[in-house]
Amino acid sequence: MDAFDDDRSEVIQRAKDNGIDYVLNVGCDIESSLRSMELAERYDFIYGTAGVHPHDVKKIDRQTYDQLKQLLAHPKMIALGEIGLDFYKNYSPPDQQKEHLRKQVELSRELKKPIIVHCRDANEDAIAILSDYFPKDPSARSGIFHCFSGNQELADRALEMGFYISFSGSVTFKKSEELRAIAKTIPADRLFVETDCPFLAPVPKRGKRNEPSYVMHTAQLIADVRGVDIKDIQRTTSLNFFELFGIGKEAKTGTVSYQIRN
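Residues are numbered in this note's numbering as their position in the sequence shown, beginning at 1, plus a constant of 36.
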């Protein structure tokens, strides 16, 4: 993200200083996916993803899918995403969004990569498409519904298809009572917390540029609403990261897995 061009190394160091052992830096188009790969090559604890965000699918051309394949052949590019549907802003026509969600899911199946799903104001269409590819199997490792903003029904359907549910700083906002109620219901072995940098900084950092070290505030809120210690959230989300992506070491107290970008 351009928002970190002036102090990226300092932001990464603050993440390490705050107990972050692994970073998943999510691509949203070919350019950002390439930069994600380059960052993953530079830092051993950073991993990347490649995909085309629903906002940007209108830019897809005949070369895009070949480029995605090339990026995802890299051993540190561990998921396909961020992909999905966004009918709130409709920066790309809905029909194109649905077409390329299907095509990118098909690519993920071909490459045997989990997916990072963006879903905003498109619950029914997202479930209708994804259910064509992911049968009911709560034990599967299908991917992550990131920056979750849906309702309980969407969470339940996603869990049925083997997805994990990830909460960003928005769960800390005063108006997010429904999200906090949903966060209580997610099985521990299907839970993630994330930043969605540089957006959605959690309380008490709301309004600032978000960064990885702030994920601790989101983790603390999730711990509070679930009635557990933050160390339990740290340990659980770390184990989930290792399990989903098949990388990492045994979780230890103080480790948190998260996502940098929406």
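All C-beta atoms, glycine included, are put in the ideal place defined by N, C-alpha and C.
Ala164 and Pro130 have their C-alpha atoms some 14 Å from each other.
Closest by C-alpha distance to His89, out of Asp53, Arg138, Gln49, Ala39, is Arg138.
Judged by DSSP secondary structure, Met73 falls outside any beta strand (DSSP E) and instead within the alpha helix (DSSP H) spanning 66-78. In terms of CA proximity to Ser212, Gly186 leads the group Ile222, Gly186, Lys134. DSSP lists Phe181, Leu227 as the bridge partner or partners of Ile201. Residue environment for Asp102: exposed (fewer than 16 other C-beta atoms within 10 angstroms of its C-beta). The region 198-206 makes contact with the region 228-246, as at least three CB pairs between them are under 8 Å. At least 8 Å separates the beta-carbon of Asn54 from that of Ile82. The residues Ile66, Val88, in chain order, have a CB closer than 7 Å to that of Thr100 in the same chain once the five nearest residues on each side in sequence are set aside. For a cut-off of 8 Å, the C-beta gap from Ala255 to Lys244 is around 18 Å, too long to register as a contact. Beyond the five residues adjoining it in sequence on each side, Asn246 comes within less than 7 Å, by CB distance, of Gly205, Thr231, Asp232, Cys233, Pro234, Phe235, Leu236, Ala237 in the same chain, given in chain order. Runs of the alpha helix (DSSP H) lying entirely within the region 207-290 and spanning at least 4 residues, in chain order: 213-221, 251-262, 266-281.
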